[in-house]
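S.K.: Following the numbering used here, the numbering of the sequence shown begins with 53 at its first residue and continues without gaps. Ideal Cβ placement from N, Cα and C applies to all residues, glycine included. As the structure is a computational prediction, the values presented were derived from the model and not from experiment. This is the structure, below, for whatever I ask next.
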Amino acid sequence: QPSHTPFPSSHTMSSSSWQFSTSMDAPSSISSNTPTDPTLETSSTRSTPPFIPHRRKKKPVSESDTSSLIEVGKLAVWTLSTAKHGNGVSQLRDGNLDTFWQSDGQQPHLITIQFHKLTHVQRLDLYLDYKLDESYTPQQIQIRSGTITSNQMIKIHDLDIEEPSGWICTALDVKTLCLQIAIIANHQNGRDTHLRQVKVWGRRRDATSSTGAISDAFTSPTMQQFASIR
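Following this line, the structure appears as structure tokens:
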């Protein structure tokens with residue numbers, strides 16, 4: 053019987069040292085007795101460019117991208133779980149980055165935004181500043197949507213923020229009667245929180261529609277009755 057010749061030690065493979073190559077070229081240590089035609093192009097002589105998949109880049113959301121949006125927070129009723137005197141809803145919504153809401157109680161700290169009717173909320177912007185507020189700065193935030201009257205608030209977003217300084221913009225695209233911002237934890241295990249500004253954005257109606265352009269022509273009192281269709 054023919055004897056089995058073991059592989060040379062240089063070809064011995066261990067289960068713990070498998071290496072795979074993405075190249076289609078044959079290893080140089082293996083020779084082939086098959087005659088080759090020098091005029092034929094082989095995989096070792098052909099240069100194949102690497103495959104780079106096309107990926108569509110997402111446009112980052114920034115605080116300035118509001119040309120197609122309108123602030124709808126002014127149409128809602130705002131409620132805070134707790135607040136220090138002089139640091140309430142007015143300071144949260146005054147457009148001044150130097151003022152802030154400061155909570156005064158146990159976590160989670162809640163901001164509840166109730167609309168009078170079903171509202172399409174496109175984006176929620178929060179302004180935070182770790183350099184000024186340090187342990188008062190929120191780190192873990194939940195955004196909830198639902199109806200507060202029936203206590204049916206569903207979490208739609210989790211935010212985990214590290215030392216923010218500026219606007220935190222979150223795309224929502226949700227129709228809701230009520231939004232709730234829940235601050236679960238602060239930096240450095242702080243108890244109370246500072247939130248400097250909140251903006252709630254909805255979709256802006258197209259002001260350049262054909263009906264809008266026509267209505268501009270009806271300026272006389274006599275023609276004003278025809279300015280819109282009822």
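Which residue spans inside the segment 116-162 form an unbroken alpha helix (DSSP H) run of at least 4?
M.R.: Whole alpha helix (DSSP H) segments, 4+ residues: 141-144.
S.K.: Considering D185, what are the terminal residues of the alpha helix (DSSP H) in which it resides?
M.R.: Mapped onto the sequence shown, residue 185 falls at position 133. Segment Y182 to D185, the alpha helix (DSSP H) holding D185.
S.K.: So what does DSSP say about N203, is it helix, strand or coil?
M.R.: Taking the sequence shown and counting its residues from 1, one reaches residue 203 at position 151. In this structure, N203 counts as coil in the three-state DSSP scheme.
S.K.: So, are the CB atoms of I235 and I193 less than 9 Å apart?
M.R.: Position 183 of the sequence shown, counting from 1, holds the residue named residue 235. Position 141 of the sequence shown, counting from 1, holds the residue named residue 193. Taking 9 Å as the Cβ cut-off, I235 and I193 qualify as a contacting pair.
S.K.: Please report how far the alpha carbon of D225 lies from the alpha carbon of Y182, in whole angstroms.
M.R.: Position 173 of the sequence shown, counted from the start, is the residue given in the question as residue 225. Position 130 of the sequence shown, counted from the start, is the residue given in the question as residue 182. So the alpha carbons of these two residues sit roughly 28 Å apart.
S.K.: Candidates L176, E215, L231 and Q143: which alpha carbon is nearest V252's?
M.R.: Residue numbering aside, residue 252 sits at position 200 when the sequence shown is read from its first letter. Taking only the C-alpha atoms, the option nearest V252 is L176.
S.K.: From A223 to Q174, what distance separates their C-alpha atoms?
M.R.: On the sequence shown, residue 223 is found 171 positions in, with the first residue counted as 1. On the sequence shown, residue 174 is found 122 positions in, with the first residue counted as 1. Answer to the nearest angstrom: the Cα atoms are 6 Å apart.
S.K.: Which residue marks the beginning of the beta strand (DSSP E) containing G242, and which one marks its end?
M.R.: Taking the first residue of the sequence shown as position 1, residue 242 is located at position 190. First-last for G242: undefined, no H or E at that position.
S.K.: Round the Cβ separation of A128 and F167 to the nearest angstrom and send it over; I've been treating them as touching at under 8 Å.
M.R.: Position 76 of the sequence shown, counted from the start, is the residue given in the question as residue 128. Position 115 of the sequence shown, counted from the start, is the residue given in the question as residue 167. Right, the Cβ-Cβ distance comes to about 5 Å (below 8 Å), so this counts as a contact.
S.K.: Starting from R256 and walking both ways along the beta strand (DSSP E), at which residues does that stretch end?
M.R.: Here residue 256 refers to the residue found at position 204 of the sequence shown. Premise fails: R256 is in no beta strand (DSSP E) and is neither H nor E.
S.K.: Alpha carbon to alpha carbon, how far is Y179 from P216? Give it in angstroms, no decimals.
M.R.: Within the sequence shown, the letter at position 164 stands for residue 216. Within the sequence shown, the letter at position 127 stands for residue 179. Approximately 9 Å between the Cα atoms of the pair.
S.K.: Going by alpha carbons, who is nearest to P190 out of L170, Q154, T199 and K136?
M.R.: By one-based count along the sequence shown, residue 190 stands at place 138. That would be Q154, whose Cα lies nearest to the Cα of P190.
S.K.: Under 9 Å, do G254 and L229 count as touching if we go by C-beta distance?
M.R.: As a working note, residue 254 is residue 202 in the sequence shown. As a working note, residue 229 is residue 177 in the sequence shown. No, the Cβ-Cβ distance between G254 and L229 is not below 9 Å.
S.K.: Kindly say whether I206, judged by its beta-carbon, lies nearer than 9 Å to any beta-carbon of chain D.
M.R.: No chain D is present in this structure, which holds just one protein chain.
S.K.: Can you give the Cα-Cα distance for H239 and D146, rounded to whole angstroms?
M.R.: Here residue 239 corresponds to residue number 187 of the sequence shown, with the count starting at 1. Here residue 146 corresponds to residue number 94 of the sequence shown, with the count starting at 1. Near 25 Å, if we compare the C-alpha coordinates of D146 and H239.
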